[in-house]
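Quick note: the sequence shown uses full-length UniProt numbering, first residue 1, plus one each step. Structure first, then comments.
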Amino acid sequence: MTPSYTVPSTSIAGGSKGNLVVSLLDYTVSPSAQKVVRLDVLTGRTVRDYVSLLVEHGRDKYEFNDQGQGCRYWVDQQIDLFYQHGFLVSRAQIEEARAAILTQWPDRMQYPLVQGGYYQ
Numbered sequence: 001m002t003p004s005y006t007v008p009s010t011s012i013a014g015g016s017k018g019n020l021v022v023s024l025l026d027y028t029v030s031p032s033a034q035k036v037v038r039l040d041v042l043t044g045r046t047v048r049d050y051v052s053l054l055v056e057h058g059r060d061k062y063e064f065n066d067q068g069q070g071c072r073y074w075v076d077q078q079i080d081l082f083y084q085h086g087f088l089v090s091r092a093q094i095e096e097a098r099a100a101i102l103t104q105w106p107d108r109m110q111y112p113l114v115q116g117g118y119y120q
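Written as structure tokens, this is what we have:
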């Protein structure tokens, strides 16, 4: 999920609607990643299964604040959704991921989640 910066938000003053982007990449970990947390997934699920779950639960309809913030909150919410539906298998990995989301890398400063919002 990334902010559009151009399509105005309907629920957050000065914000913008998000774009759900699904891409096929040549790597499994971004070369610019500062922190990597493994999340084991249920065998047999496809990208379509994950995207369908997001759409089914309205998670594709997200808005960012006026500074384009809210992506870490969105990611945190999807980790929970995937776990609730059995797509993720390790609670310990989920807790590690959630802790990493709250940390600004590489300086390891705690940084609270900035909440965006869902729209209809």
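We put the CB at the ideal spot given by N, CA and C, even for glycine. This structure is a prediction, so every number in the text was calculated from the model and none was measured.
Residue i, DSSP secondary structure in three states
i   : result
Q78 : helix
V37 : coil
Under 8 Å between C-beta atoms of residue i and residue j
i    : j   : result
Y21  : T2  : The sequence as given places Val at residue 21; Tyr does not occur at that position. Cβ distance < 8 Å, so V21 and T2 count as in contact.
L113 : Y83 : no
K17  : E63 : yes
Enclosing alpha helix (DSSP H) for residue i [first to last residue]
i   : result
S4  : Taken as a continuous stretch (DSSP letters only), S4 belongs to no alpha helix (DSSP H), being part of the beta strand (DSSP E) at 2 to 8.
S52 : 47 to 56
Contacting residues, own chain, Cβ-Cβ under 6 Å from residue i (five flanking each side not counted)
i   : result
Q34 : W105, P106
V37 : E96, A97, A100
heavy atom of the ligand ADP below 7 Å from residue i C-beta
i   : result
A92 : Absence of the ligand ADP from the depicted structure is noted, as is the absence of any ligand whatsoever, leaving it without description.
Nearest-angstrom Cβ-Cβ length linking residue i and residue j, presumed shorter than 8 Å
i   : j   : result
L54 : D60 : 5 Å
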